[in-house]
Amino acid sequence: MSIQVGDRIPDVSFIQATPEGPKPVDGESFFKGRRVALFAVPGAFTPTCSARHLPGVVEKADPLKAKGIDEIACTAVNDAFVMGAWAQHGEAADKVTMLADGNGDFARAVGLEFDAGRFGMGRRSQRYSMVVNDGVVEQLNVEEPGAFNVSSADYMLERL
């Protein structure tokens, strides 16, 4: 069963690429005391993720913050180096915090993991977006397989 509106985010750590190297990010601390727009994608540098999802989030970063979002984050089942490179490539480094979920621990803990093995990608995160307010899910938008509609920054922005 996947996480639902009203549920607390599980205390799972991420890894973030920094100029000093990979840095652990405590999930509970990351979400505590602020309102976070979290976007999850199946993989950095994949077609929809790179052509539509991340660019839309970058483009809407200021309007999201104007609606009360303190932090915008993106997670994927990729390592911190890939997420860091994707942030640079997508011109997202100063707008979106990239949270690597390299082993898929967060995707699994929130019940939004899927098997992309038939594409040679292994276990991945489903595409979704959520607003987390002080560690509690306030809004959750999970895509149907292969779709890109309800997880977009535009969709989230309309509901804030």
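Numbering (numbering that gives the first Met the number 0), first residue to last: 0 to 159.
Note that beta-carbon positions come from the ideal geometry of N, C-alpha and C, so glycine has one too.
Going by the beta-carbon positions, is the gap between Val163 and Asp100 smaller than 9 Å?
The chain is shown from 0 up to 159; residue 163 falls before or after that span and cannot be answered.
Return the chain-ordered list of same chain residues with a C-beta closer than 6 Å to the C-beta of Cys73, the five sequence neighbours on each side being excluded.
Phe38, Val95 and Met97
By the three-class DSSP mapping on this structure, what secondary structure does Arg51 have?
helix
Please report how far the alpha carbon of Pro144 lies from the alpha carbon of Ser124, in whole angstroms.
11 Å
Label Lys31 either buried or exposed according to how many other C-beta atoms from any shown protein chain fall within 10 Å of its C-beta, with 16 as the threshold for buried.
With fewer than 16 Cβ atoms within 10 Å of its Cβ, Lys31 is classed as exposed.
Go ahead and label Phe227 buried or exposed: buried means 16 or more other beta carbons lie within 10 angstroms of its beta carbon, across all protein chains shown.
Here the chain comprises residues numbered 0 to 159, so residue 227 is not present and cannot be evaluated.
Provide the residue span of the beta strand (DSSP E) that contains Met97, from first to last.
Thr96 to Ala99
Within the same chain, show all residues whose beta-carbon is closer than 6 Å to that of Pro9, passing over the 5 residues directly before and after it, in chain order.
Ala108
Is it true that the CB of Val35 sits closer than 9 Å to the CB of Glu70?
yes
Can you tell me where the beta strand (DSSP E) holding Gly80 begins and where it ends?
The amino acid at residue 80 is misidentified as Gly; the sequence shows Phe. Taken as a continuous stretch (DSSP letters only), Phe80 belongs to no beta strand (DSSP E), being part of the alpha helix (DSSP H) at Ala79 to His88.
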